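K.L.:
Per full-length UniProt numbering, the sequence shown starts with residue 1, numbered consecutively.
Glycine included, each C-beta is placed from N, C-alpha and C at the ideal position.
Only a predicted model underlies this, so the values are computations on that prediction, with no experimental measurement involved.
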Amino acid sequence: MKKVFISMVLRKMLIIILITSIRVQVSEAVKCTSDFCEKVHCHTVTCGPHQILRQRADACGCCDVCTALLEIGDPCISLRGPPATAQCGKYLVCMHRRCIPMYRVNHHSHQ
């Protein structure tokens with residue numbers, strides 16, 4: 001039982017290290033200089049029915065991007081780093097890796 005627990009902890013640690021290293025590589029790959037946006041050609045963006053348009057929300061703040069809207073119960077992650085490709089929808093918030101209604105946030109924090 002103890003070995004299984006240690007194995008699970010090590011697996012989670014490796015996943016966290018992997019995600020962190022990928023985020024560092026992505027941030028190092030894109031160098032946003034002061035004149036970077038002047039050199040970028042942004043394409044016109046048309047979002048789908050379950051997406052929102054976020055102005056100048058790409059990695060360097062140059063181009064518009066579409067972000068998928070997640071529904072109640074959908075898995076979500078609140079991490080800093082590259083722009084999110086999805087976010088919890090209207091009146092929802094990401095808590096404990098799930099999109100939940102905002103009105104339940106106070107309820108969860110008092111338990």
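Note down, in chain order, each residue of its chain lying with its Cβ closer than 8 Å to the Cβ of R98, except the 5 sequence neighbours on either side.
P.N.:
Counted from its first residue, the sequence shown places residue 98 at position 98. Result list for R98: G73, D74, P75 and C76, in chain order.
K.L.:
Under a three-way DSSP split, which group does R98 fall into?
P.N.:
One-based indexing of the sequence shown puts residue 98 at position 98. Residue state, collapsed to three classes: strand.
K.L.:
Taking Cβ positions, are L70 and I52 nearer each other than 9 Å?
P.N.:
Reading the sequence shown from its first residue, position 70 is the one you call residue 70. Reading the sequence shown from its first residue, position 52 is the one you call residue 52. Going by C-beta atoms, L70 is not nearer than 9 Å to I52.
K.L.:
Could you tell me the boundaries of the beta strand (DSSP E) in which C63 lies?
P.N.:
By one-based count along the sequence shown, residue 63 stands at place 63. From DSSP, C63 is part of no beta strand (DSSP E); its letter is neither H nor E.
K.L.:
By the three-class DSSP mapping on this structure, what secondary structure does C88 have?
P.N.:
Locating residue 88 in the sequence shown gives position 88, where the first residue counts as 1. Residue state, collapsed to three classes: strand.
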